[in-house]
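**Student:** Residue numbers (this note's numbering): 1214 to 1372.
Below you can see the structure in the form of structure tokens.
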């Protein structure tokens, strides 16, 4: 007994539906695996245990030949001054006196190490009363040397 055209069309539709659902399941599974891998590996370069040596090597490299005047220019260029200098202190901590405070904010980090962490990994330690509203990509838009210039400038801002 021969199949009529309606039965053939119905079988093709079922096969197409099964193939489509199968492909969706495969893509969803791949997406899930990629999501899990990227979310667990993101931030693995950030330290989980803070010691007196955390960031020490990076800071030494960044501060080699650092120029505070260039740091001041970079702060303006990257609009850090909008929240940290011109602001009223409610959005972000003001830079005024940061050199005097930085070494006491996150022991055992010294002032330079703390400032490095605050620039490169601003979400690791957010001061009480603030939210992490700082851009999280300064390590991508500034070189280590530029970060060093900024730190050198901030270290001139004492009480």
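A virtual CB, placed ideally from N, CA and C, is assigned to each residue, including glycine. In this text the structure is predicted, and so the values were computed from the model without any measurement.
(1) Could you say which of 1269, 1226, 1232 lies nearest to residue 1322 if we only look at CA atoms?
(2) Would you decide whether residue 1230 is buried or exposed? Buried here means 16 or more other CB atoms lie within 10 Å of its CB.
(3) Alpha carbons only, please: which of 1367, 1237, 1225, 1226 is nearest the one belonging to residue 1314?
(4) From which residue to which residue does the alpha helix (DSSP H) around residue 1273 run?
(5) Rounded to whole angstroms, what's the CA-CA distance from residue 1312 to residue 1284? Just pull it up for me.
(6) Can at least three beta-carbon pairs, one atom from the stretch 1275–1282 and one from the stretch 1293–1302, be found at a separation below 8 Å?
(7) Hey, how far is the Cα of residue 1281 from the Cα of residue 1261?
(8) When you compare only the Cα positions, how much space is there between residue 1371 and residue 1325?
(9) Would you tell me roughly how many angstroms separate the C-alpha atoms of residue 1363 and residue 1264, rounded to the nearest one?
(10) Out of 1332, 1272, 1365, which one is the CA nearest neighbour of residue 1350?
**Tutor:** By the coordinates alone:
(1) When 1269, 1226, 1232 are compared, the shortest CA-CA separation from residue 1322 is found for 1269.
(2) By the C-beta density criterion, residue 1230 is exposed, having fewer than 16 other C-beta atoms within 10 angstroms.
(3) With distances taken between Cα atoms, residue 1314 lies closest to 1367.
(4) Segment 1269–1276, the alpha helix (DSSP H) holding residue 1273.
(5) 14 Å
(6) no
(7) 30 Å
(8) 13 Å
(9) 23 Å
(10) 1332
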